[in-house]
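**Student:** Every number in our numbering is 9 more than the matching position in the sequence shown, counting from 1.
Heads up, the beta-carbon is just placed ideally off N, CA and C, and yes, glycines get one too.
Dumping the structure here so I can ask a few things about it.
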Amino acid sequence: MIDSPHAAALSFYLTDRPFAMCHAYGTERTPILALNDEHASLVVTSRSSLPAADQLQFARQLLVAVTEYVAAVETYTAAEPATATRH
10 MIDSPHAAAL SFYLTDRPFA MCHAYGTERT PILALNDEHA SLVVTSRSSL PAADQLQFAR
70 QLLVAVTEYV AAVETYTAAE PATATRH
């Protein structure tokens, strides 16, 4: 948690309809990462005033964290029997 008087915490619990999408605009504006579920949505983007190097550093940190999350989910679900894919 960030040690700040303005710190906030957000939890995003998946239900049976999660969806993730990246909205990319080339060099026109900052990209947007959107996470949506049945009852919640989360948008990750940065202010265009944030230096490009800082935006890229955060994106790389996010990639590392997501990669670690995938590995952890793979470990957690390894013992689970395969389930049918929902459509």
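DSSP three-state label for Leu-59, please.
**Tutor:** Indexing the sequence shown from 1 puts residue 59 at position 50. Looking at Leu-59 - three-state DSSP - the assignment turns out to be coil, as it is neither helix nor strand.
**Student:** Quick one, which of Leu-42, Asp-25, Pro-27 has its alpha-carbon nearest Ala-33's?
**Tutor:** As a position in the sequence shown, residue 33 is number 24, starting the count at 1. That would be Leu-42, whose Cα lies nearest to the Cα of Ala-33.
**Student:** Rounded to whole angstroms, what is the Cα-Cα separation between Cys-31 and Pro-40?
**Tutor:** To locate residue 31, count along the sequence shown from 1; it is residue 22. To locate residue 40, count along the sequence shown from 1; it is residue 31. One C-alpha to the other measures close to 7 Å.
**Student:** Output yes or no for whether 9 Å exceeds the beta carbon distance between Asp-63 and Ser-57.
**Tutor:** For the purposes of this step, residue 63 is identified with residue 54 of the sequence shown, where counting begins at 1. For the purposes of this step, residue 57 is identified with residue 48 of the sequence shown, where counting begins at 1. In this structure, Ser-57 does not lie closer than 9 Å to Asp-63 by Cβ.
**Student:** Helix, strand or coil for Ile-41 per DSSP?
**Tutor:** As a first step, residue 41 is located in the sequence shown; it is residue number 32 there, counting from the start. Strand, per DSSP.
**Student:** Nearest-angstrom Cα distance between Ala-88 and Tyr-78?
**Tutor:** Counting from 1 along the sequence shown, the entry for residue 88 is found at position 79. Counting from 1 along the sequence shown, the entry for residue 78 is found at position 69. Their backbone Cα atoms lie some 17 Å apart in a straight line.
**Student:** Tell me where the beta strand (DSSP E) around Phe-28 begins and ends.
**Tutor:** Numbered from 1 along the sequence shown, position 19 holds the residue referred to as residue 28. Its beta strand (DSSP E) spans residues 28-32.
**Student:** My output table needs one value for Leu-19: the three-state DSSP class, helix, strand or coil.
**Tutor:** In the sequence shown, counting from the first residue as 1, residue 19 sits at position 10. In this structure, Leu-19 counts as coil in the three-state DSSP scheme.
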